[in-house]
Amino acid sequence: MVVVEPRKGFDLRLKELWNYRELLFILVWRDIKVRYKQTALGAIWAILQPVLATVVFSIFFGRFAKVPSDGIPYPVFAYVGLLPWQLFAYALNESTNSLVSNQNLITKVYFPRLVIPLSAVLAGLVDFAIAFVVLLGLFWRYGIVPSASLVVLPVFILLAVASALAIGLWLSALNVQYRDVRYTIPFLTQLWLFATPVVYPSSLVPEKWRALYGLNPMAGVVEGFRWALLGKAANPGPLIWVSAGMVVLLLLGGVIYFRRMESTFADLV
Amino acid sequence: MSNIAIRAEGLSKRYKVGKQEKYRTLRDTLTQCVTNPFKRKPNGNSQGEDWIWAIKDLSFEIKHGDVVGIIGRNGAGKSTLLKVLSRITDPTKGRAEIFGRVGSLLEVGTGFHPELTGRENIFLNGAILGMQRVEILAKFDEIVAFSEIERFLDTPVKHYSTGMYVRLAFAIAAHLEPEILIVDEVLAVGDLAFQKKCIGKMNDVSRAGRTVLFVSHNMAAIENLCRHGIVLAGGKLVFDGQIKDASAYYFNSLAPASNPDGHVFDLSNARDRISRVGKLLKKVELLTEHNRPVNEGVRIGDRLKVRIHFDLPSPTTRFNIGLGFNNAFGQRIFTAHSLFEAERSDEEQVGAQIFVCDIPSFTLTQGTYTARLWLDIANTEADLIEDAMRVDVIESDFYGTGKVPWNGSFVLPHRWYLEPEDSAVHQGQLVGAVPGELYGSDL
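The listed protein sequences correspond, in order, to chains A and B.
Read in this note's numbering, the first sequence has 261 at position 261, and its numbers run on one by one without any break.
Read in this note's numbering, the second sequence has 60 at position 60, and its numbers run on one by one without any break.
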């Protein structure tokens, strides 16, 4: 039996999401299929973006500005940082407007609305996978062999997705009410890139500030990726724990806020 | 207890209306926080003009296997009720208990993406409607056959014609097999053949014992499919009972309130009116032979004179009035229009006017008819009223043979005779003959 009544409080209903997993997959499939049907470059774009960015960063930050890179060849250093960053930036972009652009579904069909920003984030995993393959090519070119710390990579991939989802939930819910939110995204993304240790190492940040720096969830994610893939001697420790904590907090808060606002989506969107 | 499919108690939903802008901006909210942190949003109470109750205190029970028609004027709250029952929007007050899987068809082709092919959209739309992938695979061939688009299955849907689009969309939706089916006016799209197919499919669904909630303005479809009827007006439930009674109630509520002078219809408070220039149509009177007022109704074939009182704000010769007679199913049976009058005077008229539409023999069959009345000035619609007046046609012996005509929308004078065997026609000698000459002039 299903009861229809005014929604109250903290009813998270996460189990329902599992029932709708097929819808989730098909929405992800739809987004990917449509994207690749429409672009001339197709899958190449997933490679071009991080590669070009790495080239530009290597020239201007690596060579000219001589930004240190913890003893790793700068291109590899930057690329490894860009990998989770691109996933995050993609999620920021796509999920913010996801609810509004799927307005025709939200006003006509019932399903847990969480599916929509979730599908936007998961669609980014495809680009991530393609870019990852290029990373392997880079490793081969520079003769780098991953060390035992590789085993923690899945954890950080999960953390990357979680932080992308956390921000995505907040932004997509906010965007339904305040339509100007999506116009702040390009700006937000740029600032956030510089606040994250993608083009520079976190060792640049003075020791005493480093924990505070960890409040940026992506800081921990990026350094975690570097640790897992490049096996840096000193694991960044407290930074990663602070970031992981932030991700959990933001994700929980995001789900709660989203669920609370969910009943208004069909009316506002 | 266990044979209830839906139980609703006090369901209510309100919306904000009015000058309030729909989207707040973050910028405005943030600046407000800084400049005026203690200002409380004026909390709209339900009495204020800010809120409107789309549905209020709806309570009803629908049993399993019931086929229910939900009828009412536009804006009565039908779609809102369906949205609440489909869980698309939460009610403001009240609750409903739903026993069974719900499939909602509030629109055809929900989620169709123009870039994807028909095949891909079948999976997409099916999943959106709640079908599992295995279910879609199992019914795939049936869906394609029902939609008749086999040849175009792998073309992007953006290249489909509207007809193909709608057929495919309905084909997918038709194969949804929920325990409770909720359908909202999807029959409004598509041609006649398509509509027949839809109704046929819905008949199958109801015969299979599923519960159906159906909203439509197509009264013929509703009366055919449904057994139970619920009438909504202004968001409230005004009638709950057998479909024939519900539809009679609804139809009676359309025409203006009864008055002691049954033949006079005062249009000053007419609802369902679009007045582009002003409320120019004032009054309608119904008269029959010898200008007798029509109070009880006219018999089939009697003379009907419609006297329309209206106003012309400025002098003009280019004005026309149309009178469209609709039957109880809302189908237009006959349109009278002053454009069809050959002998119009070409003098300019201004001010109060009385236009008379004189129908020597009103040959519509027995029933109640409402009429849409409109006034055009210089080719623009100046004033239009739906259901401006109502006329009852009483059964009567039109043909003068002691038998009252039944069935059909109207009667036509006609004769029957057996053709004599020795006539020229019977022997096939029609070539060169002028029709009419052979039969004589009494026909």
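Note that CB positions come from ideal geometry on N, CA and C, so glycine has one too.
Check                                                                                                                                                                            : Outcome
Could you name the residues of chain B that residue 2/A contacts, counting a contact when the two beta carbons are closer than 7 Å?                                              : 98
Excluding the 5 residues preceding and the 5 following residue 95/B in the sequence, name in chain order all residues of the same chain whose CB lies nearer than 6 Å to its CB. : 9
Residues bridged to residue 325/B by DSSP?                                                                                                                                       : 334/B, 371/B
Could you pull out every unbroken alpha helix (DSSP H) segment of at least 4 residues lying fully inside the region 155-220 of chain A, listed in chain order?                   : 181-195, 210-213
So for residue 8/B, helix, strand or coil by DSSP?                                                                                                                               : strand
Rounded C-beta distance between residue 444/B and residue 102/B? I'm assuming under 8 Å.                                                                                         : The structure shown has nothing for residue 444/B, since chain B only spans 1 to 443.
Check whether the Cβ atoms of residue 248/A and residue 214/A lie closer than 7 Å to each other.                                                                                 : no
Compute the Euclidean distance between the alpha carbons of residue 158/B and residue 123/B, then round it to the nearest angstrom.                                              : 16 Å
Relative to chain A, which residues along the region 105-124 of chain B have a C-beta separation below 8 Å, given in chain order?                                                : 106, 107, 110, 111, 113, 115, 116, 120, 123, 124
Three Cβ pairs or more, each shorter than 8 Å: is that satisfied between the region 179-198 of chain A and the region 109-127 of chain A?                                        : no
Thinking residue 297/B and residue 398/B are a contact (beta carbons under 8 Å), I'd like their distance in whole angstroms, please.                                             : Not really, about 14 Å apart at Cβ, beyond 8 Å.
Using beta carbons (cut-off 7 Å, strictly below), is residue 314/B in contact with chain A?                                                                                      : no
Who are the neighbours of residue 16/A on chain B, taking C-beta pairs under 8 Å?                                                                                                : Simply none; closest approach about 11 Å.
With which residues is residue 15/B paired in a DSSP beta bridge?                                                                                                                : 52/B
Identify which residue in 131/B, 113/B, 215/B has its Cα closest to the Cα of residue 174/B.                                                                                     : 131/B
Helix, strand or coil: how does DSSP classify residue 41/B here?                                                                                                                 : Note that residue 41/B scores a pLDDT of 49, beneath 50, so its modelled location is shaky; the value from the coordinates is reported in the next line. Three-state result, residue 41/B: coil.
Starting from the beta carbon of residue 417/B, find every residue of chain A whose beta carbon is closer than 7 Å, and list them in chain order.                                : Within 7 Å Cβ-Cβ: nothing; residue 417/B doesn't reach chain A, min ~59 Å.
Given residue 224/A, which residues of its chain have a CB within under 6 Å of its CB, disregarding the five upstream and five downstream residues?                              : 156, 240
Determine, using beta carbons only, whether residue 71/B comes closer than 7 Å to chain A.                                                                                       : no
Measure the alpha-carbon distance for residue 68/A versus residue 201/A and round it to whole angstroms.                                                                         : 7 Å
Below 9 Å between beta carbons is the criterion; list the residues of the region 23-41 of chain A that meet it against any residue of chain B, in chain order.                   : 23, 25, 26, 27, 29, 30, 33, 34, 37, 38
Can you tell me whether residue 294/B is buried or exposed, with buried defined as 16 or more other CB within 10 angstroms of its CB?                                            : buried
Quick one: which residues of the region 97-119 of chain A get their C-beta closer than 9 Å to a C-beta of chain B? List them in chain order.                                     : 102, 104, 105, 106, 107, 108, 109, 110, 111
Considering only residues of the same chain and omitting the five flanking positions on each side of residue 106/B, which have a CB-CB separation below 6 Å?                     : 184
Helix or strand or just coil, what does DSSP make of residue 198/B?                                                                                                              : helix
Using the C-alpha atoms, what's the distance from residue 96/A back to residue 2/B?                                                                                              : 44 Å
Would you kindly report the start and end of the unbroken alpha helix (DSSP H) that includes residue 33/A?                                                                       : 21-38
Could you tell me whether the Cβ of residue 172/A comes closer than 7 Å to any Cβ of chain B?                                                                                    : no
Hey, quick one: how far does the alpha helix (DSSP H) through residue 238/A stretch, first residue to last?                                                                      : 238-268
From what residue to what residue does the alpha helix (DSSP H) around residue 128/B run?                                                                                        : 118-129
Any idea what DSSP makes of residue 124/A, helix, strand or coil?                                                                                                                : helix
How about the region 40-48 of chain A and the region 175-184 of chain A: do they share at least three Cβ pairs that are nearer than 8 Å?                                         : no
Taking C-beta pairs closer than 8 Å, name the residues in chain A that residue 210/B reaches, listed in chain order.                                                             : Near residue 210/B there are no residues of chain A at all, since even the closest Cβ is about 16 Å away, more than 8 Å.
Residue 95/B bridges to which residues according to DSSP?                                                                                                                        : 9/B
What does residue 380/B pair with, by DSSP beta-bridge criteria?                                                                                                                 : 377/B
Pick from 262/B, 58/B, 426/B: whose alpha carbon is nearest that of residue 237/B?                                                                                               : 58/B
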